[in-house]
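Engineer: Numbering (our numbering), first residue to last: 2 to 429.
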Amino acid sequence: MAANVGSMFQYWKRFDLQQLQRELDATATVLANRQDESEQSRKRLIEQSREFKKNTPEDLRKQVAPLLKSFQGEIDALSKRSKEAEAAFLTVYKRLIDVPDPVPALDLGQQLEIKVQRLHDIETENQKLRETLEEYNKEFAEVKNQEVTIKALKEKIREYEQTLKSQAETIALEKEQKLQNDFAEKERKLQETQMSTTSKLEEAEHKLQTLQTALEKTRTELFDLKTKYDEETTAKADEIEMIMTDLERANQRAEVAQREAETLREQLSSANHSLQLASQIQKAPDVAIEVLTRSSLEVELAAKEREIAQLVEDVQRLQASLTKLRENSASQISQLEQQLNAKNSTLKQLEEKLKGQADYEDVKKELTTLKSMEFAPSEGAGTQDSTKPLEVLLLEKNRSLQSENATLRISNSDLSGRALCGAADPSH
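1. State buried or exposed for Asn146, treating a residue as buried only when at least 16 other CB atoms are found within 10 Å of its CB.
2. Along the chain, where does the alpha helix (DSSP H) containing Gln64 start, and where does it finish?
3. Relative to the alpha-carbon of Lys95, which residue among Leu25, Leu180, Ala106 and Glu132 has its alpha-carbon at the smallest distance?
4. Could you please give the first and the last residue of the uninterrupted alpha helix (DSSP H) stretch that includes Asp37?
5. Let me make sure I understand the geometry here. Which of Glu87, Ile47 and Gly74 has the alpha-carbon closest to that of Leu32?
6. By DSSP, does Pro101 sit in helix, in strand, or in coil?
7. For Leu202, collect the residues of the same chain with a Cβ closer than 7 angstroms to its Cβ; drop the 5 residues on either side in sequence, then sort them by chain order.
8. Could you check the C-alpha separation between Arg318 and His274 for me, to the nearest Å?
9. Mapping the DSSP letters down to three states, classify Asn146 as helix, strand or coil.
10. Tell me whether Ile172 is buried or exposed, calling it buried when 16 or more other Cβ atoms sit within 10 Å of its Cβ.
11. Buried or exposed: which applies to Lys44, given that a residue is buried once 16 or more other Cβ atoms fall within 10 Å of its Cβ?
12. Closest to Lys227 by C-alpha separation, out of Gly74, Asp37, Glu338 and Leu46, would be which residue?
13. Looking only at its chain, what residues have a beta carbon closer than 8 angstroms to the beta carbon of Thr384, apart from the 5 residues adjacent to it on each side?
14. With three or more C-beta pairs closer than 8 angstroms as the rule, is the stretch 102–120 touching the stretch 5–14?
15. Contact criterion: CB-CB distance below 8 angstroms. Does Asp183 meet it with respect to chain E?
16. What separation, rounded to the nearest whole angstrom, lies between the Cα atoms of Tyr495 and Leu18?
17. For Ser332, tell me which candidate among Glu233, Ala251, Leu265 and Leu248 has the shortest Cα-Cα distance.
18. Would Val316 and Leu248 be called neighbours here (beta carbons separated by less than 8 angstroms)?
19. Going by C-alpha distance, which of Ala262, Glu222, Asn342 and Gln253 is nearest Asn307?
20. Alpha carbon to alpha carbon, what distance is there between Glu240 and Glu380?
21. Return the CA-CA distance between Leu348 and Glu256, expressed in angstroms with no decimal places.
22. CB-CB under 6 angstroms to Pro105, same chain, minus the five flanking residues each way: which ones, in chain order?
23. Report back the beta-carbon spacing between Lys237 and Leu326 to the nearest angstrom; my notes put them in contact at under 8 angstroms.
24. Can you tell which of Ser167, Arg266 and Thr194 has the C-alpha that lies nearest to the C-alpha of Val300?
25. For Ala215, collect the residues of the same chain with a Cβ closer than 7 angstroms to its Cβ; drop the 5 residues on either side in sequence, then sort them by chain order.
26. As a quick exercise: from Gln192, Glu52 and Gln340, pick the residue whose alpha carbon is nearest that of Lys229.
27. Assign Ala251 to one of two classes, buried (16 or more other C-beta atoms within 10 Å of its C-beta) or exposed (fewer than that).
28. Would you say Leu269 and Leu323 are within 8 angstroms of each other, going by their C-beta atoms?
29. Considering only their Cβ atoms, is the gap separating Leu223 from Lys344 smaller than 8 angstroms?
30. Which same chain residues end up closer than 8 angstroms to Lys152 when comparing Cβ atoms and leaving out the 5 residues on each side of it in sequence?
31. Use the C-beta contact count for Ser330: other C-beta atoms within 10 angstroms, 16 or more gives buried, fewer gives exposed.
32. Indicate whether Gln22 and Leu97 have their beta-carbon atoms separated by less than 8 angstroms.
Following this line, the structure appears as structure tokens:
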């Protein structure tokens, strides 16, 4: 029943009778207005038909008469159907317009149904409570009849309480003794832990001091190595520059000697030609003078050729010196790079060891100062490098040194190429 009332309430609530009545009322008003308009249109149509009959010839009226009758018949049929539909609508409208909305009544009925169900549930619960109360009354009556049993039970309870009290006191004493023993054991372990911690702290401080000393030593060695590398690089560059200067001078001297030798060869060739002519047309004294002149030129030419040979030997010697210097420089640069890599590895190991110490932050500040002093290329870049790890700075410094080494190798190769060109082409 409650389900039927609820479903009917939901149906009529969705149906919304009041909204339907408002829509029907509006439709009825529209139909009334349309009826008035249709009546006026009908009158105008009749007037127009009369005017048409008056103003139209007889033969044309006869031709149009069937068509007008057909239109009149259709219009009458439409009017009849419209009136019947309007009459049916008005009948439904009259029946529904004043019908009361059943939603409030159904809502009230649903609420009453719920209340009735609640009353039924309460009545059922009251019946159960009455039955339970009767059972309690019966049990209470039985309890009253068992006073002797209750007294015996109370006596047993008293005995149990005394036994439990003595057992509780015994257990409390045992627990207290155990707690005291545990406290003493924990205190002993705490003292041992404190002693061990103190010993480890002293050992860590000693290790830290050792690491700091090793770090300072490594830093000094790294600085010395860098200074030595710079000094040797500068010295090698100066030495190469001196050798190149000597090589250029030797090339210039060889060029001058070559030109003088060419001049002497030309003079000797001219003298030979003159000697051939003189043997035909001149006398013996003139020939002797020409022979002496030719001998002098040959001696001077031989001297120039010896000088050129000496210059070529000097160029070859300078070239050998340059090659040896380049090999020595490459070997020394390789050794310095190996030493630098070893120092970088040592610094990295020291920094990893320092990370495990308790006061690593203080040591890290010293490492930051070391980085700003040793590895910053300029004052402007020092602020940025101070935030970089030490390994990154060492790698950057190593790359910079490798770049300088590559530049020196290229310079050595250029100098060697120039020396080889000078030795192969003394005329230039």
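Positions of the beta carbon are idealized from the N, C-alpha and C atoms, including for glycine.
Structural biologist: Reading it off the structure:
1. Looking up residue 146 in the sequence shown gives position 145. With fewer than 16 other Cβ atoms within 10 Å, it is exposed.
2. Start at 1 with the first residue of the sequence shown, and residue 64 comes out as number 63. Where Gln64 is concerned, the enclosing alpha helix (DSSP H) stretches over Glu59 to Ile98.
3. Residue numbering aside, residue 95 sits at position 94 when the sequence shown is read from its first letter. Considering only alpha carbons, the answer is Leu25.
4. Here residue 37 refers to the residue found at position 36 of the sequence shown. Run containing Asp37: Leu18 to Asn56, per the alpha helix (DSSP H) assignment.
5. Residue 32 sits at position 31 when you count from the first residue of the sequence shown. It is Glu87.
6. As a working mapping, residue 101 is identified with position 100 in the sequence shown. In the structure shown, Pro101 sits in coil (DSSP, three-state: anything other than H, G, I, E or B).
7. In the sequence shown, residue 202 corresponds to position 201, counting from 1. Nothing meets the Cβ criterion.
8. Walking along the sequence shown from the start, residue 318 turns up at place 317. Walking along the sequence shown from the start, residue 274 turns up at place 273. Taking C-alpha positions only, Arg318 is separated from His274 by approximately 40 angstroms.
9. As a first step, residue 146 must be located in the sequence shown, where it is residue number 145. Three-state result, Asn146: coil.
10. In the sequence shown, the residue the question calls residue 172 occupies position 171. Exposed: under 16 other Cβ atoms inside 10 Å.
11. Taking the sequence shown and counting its residues from 1, one reaches residue 44 at position 43. Result: exposed.
12. Numbered from its first residue, the sequence shown carries residue 227 at position 226. If we check each option's Cα against that of Lys227, Glu338 comes out closest.
13. Here residue 384 refers to the residue found at position 383 when the sequence shown is read from its first residue. Per-residue confidence for Thr384 stands at a pLDDT of 49, beneath the threshold of 50, marking its modelled position as unreliable; no derived number is given.
14. Yes, the stretch 5–14 is in contact with the stretch 102–120.
15. Among the chains of the structure shown, chain E does not appear; only one protein chain is present.
16. Lying before the first or after the last residue shown, residue 495 is absent from the chain, which here runs from 2 to 429.
17. In the sequence shown, residue 332 corresponds to position 331, counting from 1. Among Glu233, Ala251, Leu265 and Leu248, the Cα nearest to that of Ser332 belongs to Glu233.
18. Here the question's residue 316 lines up with position 315 in the sequence shown. Here the question's residue 248 lines up with position 247 in the sequence shown. Val316 places its beta carbon less than 8 angstroms from that of Leu248.
19. By one-based count along the sequence shown, residue 307 stands at place 306. Residue identity differs from the one stated: residue 307 is Arg in this sequence, not Asn. Closest in C-alpha terms to Arg307, from the list Ala262, Glu222, Asn342 and Gln253, comes Ala262.
20. As a first step, residue 380 must be located in the sequence shown, where it is residue number 379. As a first step, residue 240 must be located in the sequence shown, where it is residue number 239. Any reading at Glu380 needs caution, since the residue's pLDDT is 44, under 50, leaving its predicted position unreliable; the model's value is listed next. When rounded, the distance between both Cα atoms is 32 angstroms.
21. As a working note, residue 348 is residue 347 in the sequence shown. As a working note, residue 256 is residue 255 in the sequence shown. Answer to the nearest angstrom: the Cα atoms are 56 angstroms apart.
22. Position 104 of the sequence shown, counted from the start, is the residue given in the question as residue 105. Here the set comprises nothing.
23. Working through the sequence shown from its first residue, we reach residue 237 at position 236. Working through the sequence shown from its first residue, we reach residue 326 at position 325. With 8 angstroms as the limit, Lys237 and Leu326 qualify as a contact, their Cβ atoms being about 7 angstroms apart.
24. As a first step, residue 300 is located in the sequence shown; it is residue number 299 there, counting from the start. Of the candidates Ser167, Arg266 and Thr194, the one whose C-alpha sits nearest the C-alpha of Val300 is Arg266.
25. Counted from its first residue, the sequence shown places residue 215 at position 214. Within the same chain, Ala215 has close Cβ partners Leu351.
26. Taking the sequence shown and counting its residues from 1, one reaches residue 229 at position 228. Among Gln192, Glu52 and Gln340, the Cα nearest to that of Lys229 belongs to Gln340.
27. Residue 251 sits at position 250 when you count from the first residue of the sequence shown. Buried, by the Cβ-count rule.
28. Along the sequence shown, read from residue 1 onward, the residue named residue 269 stands at position 268. Along the sequence shown, read from residue 1 onward, the residue named residue 323 stands at position 322. The beta carbons of Leu269 and Leu323 sit no closer together than 8 angstroms.
29. Walking along the sequence shown from the start, residue 344 turns up at place 343. Walking along the sequence shown from the start, residue 223 turns up at place 222. Yes, they are a contact pair.
30. As a working note, residue 152 is residue 151 in the sequence shown. Residues of the same chain with a CB within less than 8 angstroms of the CB of Lys152, apart from the 5 flanking positions on each side, do not exist.
31. Position 329 of the sequence shown, counting from 1, holds the residue named residue 330. Label assigned to Ser330: buried.
32. As a first step, residue 22 must be located in the sequence shown, where it is residue number 21. As a first step, residue 97 must be located in the sequence shown, where it is residue number 96. Against a cut-off of 8 angstroms, the Cβ pair of Leu97 and Gln22 comes out as a contact.
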